[in-house]
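Its first residue numbered 109, the sequence shown is counted upward by one per residue in the numbering used here.
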Amino acid sequence: MKISLSDIDRQRFGVVTAKATLDGSEPVPEVMQWCGAHGVQMLIARCASTELAQVQQLEQAGCFLTDTLVYFLKRHIAQQDVALPDGYTTRLATAADAEAVGALAGLTFEGYFGHYHVDPRLDKRDADLVYSSWAANSCGNPAVADAVVLIEHGGQIAAFATLKVHNSLEFEGVLFGVHPGHQGKRLYHALMQLAQNWARGRDIAHMIVSTQITNLSVQKVWCRQGFEPSKSYYTFHKWFEGAGAAAGGAAQGAAA
Ligand SMILES: CC(C)(COP(=O)(O)OP(=O)(O)OC[C@H]1O[C@@H](n2cnc3c(N)ncnc32)[C@H](O)[C@@H]1OP(=O)(O)O)[C@@H](O)C(=O)NCCC(=O)NCCS
109 MKISLSDIDR
119 QRFGVVTAKA
129 TLDGSEPVPE
139 VMQWCGAHGV
149 QMLIARCAST
159 ELAQVQQLEQ
169 AGCFLTDTLV
179 YFLKRHIAQQ
189 DVALPDGYTT
199 RLATAADAEA
209 VGALAGLTFE
219 GYFGHYHVDP
229 RLDKRDADLV
239 YSSWAANSCG
249 NPAVADAVVL
259 IEHGGQIAAF
269 ATLKVHNSLE
279 FEGVLFGVHP
289 GHQGKRLYHA
299 LMQLAQNWAR
309 GRDIAHMIVS
319 TQITNLSVQK
329 VWCRQGFEPS
339 KSYYTFHKWF
349 EGAGAAAGGA
359 AQGAAA
């Protein structure tokens with residue numbers, strides 16, 4: 109069973125949080141027992157959308173749906189010409205860009221529709237911070253991201269894309285954001301091309317990307333660039349009433 113406590117979520121939301129990735133084989137009662145034994149207050153369980161029997165068991169156990177993630181894959185990425193609009197340039201981020209990239213991610217993901225944002229017991233501002241700190245930590249920290257592609261305009265960062273290599277064959281485009289004042293100029297389309305060029309320069313052939321099923325703008329771009337749907341997951345949350353006191357955590361701020 110792939111389940112563990114998440115320190116980062118506990119610090120951010122003030123509740124003992126467990127994250128589980130389920131493949132259909134794990135008995136849901138065992139997942140719940142694990143949570144009980146570890147004083148878990150909030151469980152975040154991700155389950156392949158093909159595993160409907162397990163999905164129904166999760167629902168019966170009090171889990172509620174918080175998002176649906178779709179993955180797309182392109183098997184043969186190739187170098188391509190990138191046409192940035194006039195006045196825009198590109199470069200890779202360094203550790204010195206962390207603060208600016210974090211601030212931009214905070215702006216682009218404010219009120220996003222990820223699983224943290226749609227859980228009514230979590231503070232939306234804390235949910236925004238998931239993305240800004242993740243993007244900031246991606247700059248210059250290979251444990252989080254292998255590269256962050258930037259597009260700049262007038263000396264300011266207008267867009268960013270964080271990239272993570274999974275193996276010699278495959279990398280992932282993880283977190284992308286375009287400043288609201290620069291949206292609608294095909295910068296996202298350009299970020300996707302720049303990401304593929306970065307990987308081709310390292311002889312990596314496959315690119316994967318994922319998003320919420322409702323994020324149609326990015327899926328349109330993926331289809332136009334030759335990506336194909338590959339897999340999908342449901343994310344569930346469950347709250348355990350009365351848990352956490354033994355583990356020293358109280359649901360401060362999370363029960364609003
Ligand atoms: C999604 C996002 C990256 C798009 O950036 P962008 O640079 O404006 O996108 P592009 O200009 O390349 O346009 C891509 C397509 O999406 C469409 N699109 C852009 N924003 C849209 C919106 N809010 N609603 C519907 N379609 C939208 C564009 O019209 C275009 O489609 P079209 O050619 O049919 O017109 C940007 O809105 C953003 O940062 N959103 C918040 C964070 C996010 O969703 N990140 C991606 C997942 S990690």
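Glycine residues also receive a C-beta, built at the ideal position from the N, C-alpha and C atoms. Just so it is clear, the structure is predicted and the values come from calculations on it, not from any experiment.
**Prompt:** Which class does residue 86 belong to by DSSP, given the choice of helix, strand or coil?
**Reply:** Any question about residue 86 goes unanswered here, given that the chain covers just 109 to 364.
**Request:** Tell me, to the nearest whole angstrom, how far the beta carbon of residue 347 is from that of residue 150; I am working on the premise that it is less than 8 Å.
**Result:** 6 Å
**Asked** Over what stretch of residues does the beta strand (DSSP E) that includes residue 293 continue unbroken?
**Response** Looking at the DSSP string, residue 293 is not in any beta strand (DSSP E), and its letter there is neither H nor E.
**Request:** Count the other CB atoms, across all protein chains shown, that sit within 10 Å of the CB of residue 319; report buried if there are 16 or more and exposed otherwise.
**Result:** buried
**Prompt:** Heavy atom of ligand 1 less than 7 Å from the Cβ of residue 268, yes or no?
**Reply:** For residue 268, the CB stays at least 7 Å from every heavy atom of ligand 1.
**Message:** One question on the structure: do residue 273 and residue 244 come within less than 8 Å of each other, judged by their Cβ atoms?
**Reply:** Going by C-beta atoms, residue 273 is not nearer than 8 Å to residue 244.
**Prompt:** Which residues bound the beta strand (DSSP E) around residue 259?
**Reply:** Annotation for residue 259: the continuous beta strand (DSSP E) segment containing it runs 255 to 261.
**Message:** Taking the alpha-carbon of residue 254 as reference, which of 279, 215, 159 and 140 has the nearest alpha-carbon?
**Reply:** 279
**Request:** Would you decide whether residue 225 is buried or exposed? Buried here means 16 or more other CB atoms lie within 10 Å of its CB.
**Result:** Its Cβ being crowded by 16 or more others within 10 Å, residue 225 is buried.
**Request:** For residue 295, verify whether its CB is less than 7 Å away from any heavy atom of ligand 1.
**Result:** yes
**Prompt:** Taking Cβ positions, are residue 342 and residue 155 nearer each other than 8 Å?
**Reply:** Pairing residue 342 with residue 155 gives a Cβ-Cβ distance under 8 Å.
**Asked** Which two residues bound the contiguous alpha helix (DSSP H) that contains residue 239?
**Response** 232 to 246
**Prompt:** Would you call the CB atoms of residue 404 and residue 265 closer than 8 Å?
**Reply:** The structure shown does not extend to residue 404, since the chain is modelled only from 109 to 364, so the question has no answer here.
**Asked** Which residues share a DSSP beta bridge with residue 345?
**Response** In the DSSP output, where bridge partners are listed per residue, residue 345 has 152 and 172.
**Message:** I'd like the list of long-range same chain contacts for residue 119, defined as Cβ closer than 7 Å, with 5 residues on each side in sequence excluded.
**Reply:** none
**Request:** To the nearest angstrom, report how far apart residue 197 and residue 125 are at their CA atoms.
**Result:** 41 Å
**Supposed contact pair residue 256 and residue 177 - C-beta distance, whole angstroms, cut 8 Å** = 22 Å between Cβ atoms; not a contact.
**Where the beta strand (DSSP E) through residue 285 begins and ends** = Counted as a single uninterrupted DSSP element, the beta strand (DSSP E) harbouring residue 285 occupies residues 278 to 286.
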